[in-house]
Structures are given as C-alpha cells and as structure tokens.
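Below is one structure, written out as structure tokens; the observations come after it.
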Amino acid sequence: MVVLAAGVLVGYKVYTGRQTARDEIAVYVNGSLYMTSPLRPGEDLTVTQEDGSINVIRMVDGGFFMQSSTCQNQDCIYQGAVTQENWNRRILGTHVICLPNRVDVMLLVDSTDTEVPDV
Ligand SMILES: [Zn+2]
C-alpha cells in the first residue's frame, strides 16, 4: 500500500506540474556516462562504439525514442518513446535500454525536493 500511495503521489505531482521532467537526456554506455544533451526535437544523437555498434536516438517534443540500432534483437526500438507524459507509466520508466550494445538512454526528471532556478 505504501508503494501504491507513493506512485499516486508521484503521478499527482506530475500532473500538477510540480515535478518537472527536465528537457534533458543522458546516455550511458557500459555503465559510464557517455553524454547528456538538452532535448532538441527532431534532432538525433548518435552513439558510436569502437566495436561498430551504432545507436541513433531521435529527440521529440518532451522525450525521445531509439530511431535505429545495430543490435540483433531491436528490443530498444520496440520499447518506444519516453516522454514527459508517459515515463511514469512505462515499465522501464525514463529508460530506453539496448542490452546488446550496452546503451542506456534516460530522460532526466527533477526531484521535487530541489528548486531549480528558472533562468
Ligand atoms: Zn538494441
């Protein structure tokens, strides 16, 4: 029940705008931070690795999805888009994960505890 209540609380905060999904995404490769980028809808981020793996991340309004990947299973493509509207209802939350290529992309969400200057 506690977990459920917490989930409802988070949802409430999202819909009242108190919790703001940041317009920024982070990309991890092999568990290390590869890059962060402000969301620029319509633009792509490309993750190229030494072994030839390539993941292309398409940024959209309020989120992103995996546009293409060299991985065999294409699971990351099927995971669909993460947006500021749907991230708290997705199984993977803010993440799109490509296991074969060890790429983890996430939408950054501000905690309600911190006040972010609006400048
Ligand atoms: Zn993949």
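Numbering-wise (the numbering used here), the sequence shown opens with residue 359 and increments by one. Beta carbons are placed, not taken as given, at the ideal position from N, Cα and C, and that holds for glycine.
**Study point:** Top-ranked residue by Cα proximity to residue 419, from 427, 436, 443, 410
**Key:** Within the sequence shown, residue 419 is the residue found at index 61, counting from 1. Residue 443 is the option with its Cα nearest to residue 419.
Exercise for review: Could you pull out every unbroken beta strand (DSSP E) segment of at least 3 residues lying fully inside the segment 380-446, listed in chain order?
Suggested key: Fully enclosed beta strand (DSSP E) runs of 3 or longer: 390-396, 402-406, 412-418, 421-427.
Point to revise | Rounded straight-line distance, which links the Cα of residue 382 to that of residue 395 | key: As a first step, residue 395 must be located in the sequence shown, where it is residue number 37. As a first step, residue 382 must be located in the sequence shown, where it is residue number 24. Each residue's CA atom was taken as its position, placing residue 395 and residue 382 some 6 Å apart.
**Study point:** Alpha carbon of residue 398 to alpha carbon of residue 417, nearest angstrom
**Key:** As a working mapping, residue 398 is identified with position 40 in the sequence shown. As a working mapping, residue 417 is identified with position 59 in the sequence shown. For residue 398 and residue 417, the distance between alpha carbons rounds to 6 Å.
Point to revise | Member of 411, 415, 461, 413 whose CA lies at the smallest distance from the CA of residue 349 | key: The structure shown does not extend to residue 349, since the chain is modelled only from 359 through 477, so no value can be given for it.
Practice item. Check whether the Cβ of residue 432 lies closer than 7 Å to any heavy atom of ligand 1, and answer yes or no. Key: As a working mapping, residue 432 is identified with position 74 in the sequence shown. Residue 432: yes, Cβ under 7 Å from ligand 1.
Check your understanding: Since residue 455 is in the beta strand (DSSP E), which residue starts that stretch and which ends it?
Key -> As a working note, residue 455 is residue 97 in the sequence shown. Per DSSP, the unbroken beta strand (DSSP E) holding residue 455 starts and ends at 453-456.
Review point. In the structure shown, what three-state DSSP assignment does residue 450 receive?
Key: Along the sequence shown, one-based indexing puts residue 450 at 92. Here residue 450 sits in coil by DSSP.
Check your understanding: How about residue 424 and residue 412: do their beta carbons lie closer than 8 Å?
Key -> Here residue 424 refers to the residue found at position 66 when the sequence shown is read from its first residue. Here residue 412 refers to the residue found at position 54 when the sequence shown is read from its first residue. Taking 8 Å as the Cβ cut-off, residue 424 and residue 412 do not qualify as a contacting pair.
Practice item. Please confirm whether any heavy atom of ligand 1 lies closer than 7 Å to the CB of residue 503. Key: No statement about residue 503 is possible, as the shown extent of the chain runs from 359 to 477 and does not include it.
Review point. Within 10 angstroms of its Cβ, does residue 427 collect 16 or more other Cβ (buried), or is it exposed?
Key: Taking the first residue of the sequence shown as position 1, residue 427 is located at position 69. Classification of residue 427: buried, given that the 10 Å Cβ count is 16 or more.
Check your understanding: In angstroms, rounded to a whole number, what distance separates the CA positions of residue 447 and residue 408?
Key -> Your numbering for residue 447 matches position 89 in the sequence shown. Your numbering for residue 408 matches position 50 in the sequence shown. Those two C-alpha atoms are separated by around 34 Å.
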